[in-house]
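*Asks:* The following block contains the structure, expressed as structure tokens.
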Amino acid sequence: MELSSPILDSGLALAAAGGGPRLPHTADPAEARRAAQDFEAFFVAQVMEQMFAGVEPDALFGGGAGEPAFRSLLFQEYGKAVAGAGGFGLADAVQREILRLQEA
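Under this note's numbering, the first residue of the sequence shown is numbered 3, with each subsequent residue one higher.
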């Protein structure tokens, strides 16, 4: 599976021009894997945040002034746990793409 889309290609063009996100420059597969897992963890956290956006906290154990901040931290930790346990395959594709782009 190769990641290629107009959005990705334009993002890479921006990065090459110095005006967008930076790709990690590494030929080390372990470092590329770490970056790919970080990306997948972030992605999973964002998905979970959207999934639970309309769910109100439980009145018995939830709520309070710190709920939004701590809920966000909880989703970040969930994302790290999911990505560390193998995720759903996004990190594999991202790692391959990082290494492929470094070869060019």
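Note that beta-carbon positions come from the ideal geometry of N, C-alpha and C, so glycine has one too.
In the DSSP assignment, find the unbroken alpha helix (DSSP H) run with residue 94 in it and report its ends.
*Replies:* Run containing residue 94: 92-105, per the alpha helix (DSSP H) assignment.
*Asks:* Under three-state DSSP, which class holds residue 59?
*Replies:* coil
*Asks:* Would you decide whether residue 77 is buried or exposed? Buried here means 16 or more other CB atoms lie within 10 Å of its CB.
*Replies:* buried
*Asks:* Count the other CB atoms, across all protein chains shown, that sit within 10 Å of the CB of residue 58; report buried if there are 16 or more and exposed otherwise.
*Replies:* exposed
*Asks:* Please name the residue in 89, 51 and 92 whose C-alpha comes closest to that of residue 75.
*Replies:* 51
*Asks:* Straight-line CA distance for residue 100 to residue 62?
*Replies:* 46 Å
*Asks:* Please classify residue 48 as buried or exposed, where buried requires at least 16 neighbouring CB atoms within 10 angstroms.
*Replies:* exposed
*Asks:* Could you tell me the distance, in whole angstroms, from the CA atom of residue 92 to the CA atom of residue 43?
*Replies:* 10 Å
*Asks:* Do you know how far the Cα of residue 60 is from the Cα of residue 103?
*Replies:* 46 Å
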